[in-house]
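**Q** Quick one: the structure is below, questions incoming.
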Amino acid sequence: MPHEIPSPDLPLLDRLRRIMHLLRAPGGCPWDAEQTHESLVKHLIEEAYEVAAAIRGGNREEIIDELGDLLLQPVFHGEIASGAAEGAFDLDDIAAAICEKLIRRHPHVFGETTADTPEAVLRQWDSIKAREKDSSGPDESGSSAKRAAGEYLIKKANDGLPALMAAGKIQRKAAAVGFDWPDLPPVIEKVREELEEVEEALDSGCGDKVAEEIGDLLFAVVNLARRTGHEAELLLHAANGKFVERLQAVEEDLRKSGRDLRSATLEEMDAAWENVKRQRSS
């Protein structure tokens with residue numbers, strides 16, 4: 281017997297939670313029922329990227345659709361955790377935690393402190409976050425999480441973020457303590473320097489050195505993006521999209537003469553590419 285569809289008269293988030301509960305209940309959906317926190321990680325990441333893509337596209341309906349898919353993820357995790365034998369929690373606990381964090385991290389709104397600029401807000405946020413970590417007790421290894429003389433500013437290079445985003449985060453942390461160039465020209469010069477080192481590594485014929493220097497070049501380019509107020513990850517997504525759109529336009533251009541990418545010469549593809557660029561820039 282099918283489950284009764286939750287009433288549309290319910291508050292929307294309550295209706296969503298009820299639907300998710302029924303999907304995992306006996307007689308529900310076998311796929312939903314077997315999911316775990318771990319198995320959902322890839323879906324959480326994918327949904328976040330799809331939201332970003334929809335926002336870049338600017339289509340209202342797509343943004344709503346993708347944000348809905350992303351909203352499902354904490355509801356899904358809350359439903360999974362609510363049935364745990366140990367350490368159970370649910371969506372209410374998730375919502376309560378973020379409510380308290382937002383109040384705690386915005387004393388200029390809910391308290392007596394002052395932060396008049398976005399930069400001041402971020403400095404205050406980071407300061408409060410550091411104090412919270414200092415008072416959080418033992419870490420996973422059992423040692424104190426309080427900041428000690430031997431504790432590092434950046435504890436690890438990879439915290440699960442995509443590499444470009446992680447690089448930007450590392451650079452922002454270093455900049456927060458003054459380890460940063462004072463203006464843009466040396467940042468640009470560093471990119472040139474790293475590119476020259478890639479060329480030298482290529483001349484040497486050492487594959488490992490080439491890989492290392494390309495990594496350094498990428499790190500320098502991320503820093504240039506950061507210093508100009510951009511997120512490198514999003515810039516690369518936009519560049520990917522622009523390339524694909526232009527390549528599709530090249531294919532359309534070639535089809536007009538009965539050709540395709542596989543049969544066209546490099547000269548023909550280059551000519552079509554330049555034609556597309558001129559059309560898009562005019």
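In terms of our numbering, the sequence shown opens at residue 281 and continues consecutively.
No residue lacks a Cβ here, since even glycine has one placed at the ideal position from N, Cα and C.
Please report the residue range of the alpha helix (DSSP H) in which Val331 lies.
**A** Position 51 of the sequence shown, counted from the first residue, corresponds to residue 331. Note, Val331: alpha helix (DSSP H), His317 to Gly337.
**Q** Measure the CB-CB distance between Arg298 and Leu292 and report whether it falls below 8 angstroms.
**A** Position 18 of the sequence shown, counted from the start, is the residue given in the question as residue 298. Position 12 of the sequence shown, counted from the start, is the residue given in the question as residue 292. Not in contact: Arg298 and Leu292 (Cβ atoms no closer than 8 angstroms).
**Q** If you follow the alpha helix (DSSP H) that Val502 is in, where does it begin and where does it stop?
**A** Sequence index remark: in the sequence shown, residue 502 carries index 222 (1-based). Start and end: Gly487 to Arg507.
**Q** Three or more beta-carbon pairs under 8 angstroms between the region 484-502 and the region 311-319, yes or no?
**A** With a cut-off of 8 angstroms, the region 311-319 and the region 484-502 do not count as touching, because too few Cβ pairs lie within range.
**Q** Using a 10 Å radius around the Cβ and a threshold of 16 neighbouring Cβ atoms, would you call Glu380 buried or exposed?
**A** The residue labelled residue 380 in the question sits at position 100 within the sequence shown. Glu380 is exposed by the Cβ-count criterion.
**Q** Does the region 327-336 come within contact of the region 506-523, defined as at least 3 CB pairs closer than 8 angstroms?
**A** As far as the Cβ criterion goes, the region 327-336 touches the region 506-523, which means the pair count is three or higher.
**Q** Cα separation between Gly487 and Ala456?
**A** In the sequence shown, counting from the first residue as 1, residue 487 sits at position 207. In the sequence shown, counting from the first residue as 1, residue 456 sits at position 176. Between Gly487 and Ala456, the C-alpha separation is close to 35 angstroms.
**Q** Roughly how many angstroms lie between the CA atoms of Glu399 and Leu441, to the nearest whole one?
**A** Reading the sequence shown from its first residue, position 119 is the one you call residue 399. Reading the sequence shown from its first residue, position 161 is the one you call residue 441. Taking the straight line joining both Cα atoms gives about 23 angstroms.
**Q** Which whole-angstrom value is the C-beta distance of Val471 and Arg507, which I expect to be below 8 angstroms?
**A** For this step, residue 471 is matched to residue 191 along the sequence shown. For this step, residue 507 is matched to residue 227 along the sequence shown. Incorrect: roughly 11 angstroms between the Cβ atoms, too far for contact.
**Q** Assign Ser407 to one of three DSSP states: helix, strand, or coil.
**A** In the sequence shown, counting from the first residue as 1, residue 407 sits at position 127. The answer is helix: DSSP assigns Ser407 an H, G or I state.
**Q** Whole angstroms are fine: how far does the CA of Asp533 sit from the CA of Glu474?
**A** Start at 1 with the first residue of the sequence shown, and residue 474 comes out as number 194. Start at 1 with the first residue of the sequence shown, and residue 533 comes out as number 253. The straight-line gap from Cα to Cα measures roughly 37 angstroms.
**Q** Using 10 angstroms around the beta-carbon of His357, count the other beta-carbons present and answer buried if the total reaches 16, otherwise exposed.
**A** As a first step, residue 357 is located in the sequence shown; it is residue number 77 there, counting from the start. By the 10 Å Cβ count, His357 comes out buried.
**Q** Where does Cys379 fall in DSSP's three states?
**A** Taking the sequence shown and counting its residues from 1, the one referred to as residue 379 is at position 99. Looking at Cys379 - three-state DSSP - the assignment turns out to be helix.
**Q** Thinking just about the alpha-carbon of each residue, which of Phe523, Glu548 and Val524 is nearest to the one in Arg535?
**A** Locating residue 535 in the sequence shown gives position 255, where the first residue counts as 1. With distances taken between Cα atoms, Arg535 lies closest to Glu548.
**Q** Mind checking which residues open and close the alpha helix (DSSP H) that includes Thr438?
**A** Here residue 438 corresponds to residue number 158 of the sequence shown, with the count starting at 1. The sequence as given places Asn at residue 438; Thr does not occur at that position. Taken as a continuous stretch (DSSP letters only), Asn438 belongs to no alpha helix (DSSP H), as it is neither H nor E.
**Q** What does a CB cutoff of less than 6 angstroms around Arg427 pick up in its chain, not counting 5 residues either side in sequence?
**A** Translated into positions along the sequence shown, residue 427 becomes position 147. Reliability of the predicted coordinates at Arg427 is poor, the pLDDT of 49 falling under 50, and the value obtained from them is presented with this limitation in mind. Hits under 6 angstroms: Asp414.
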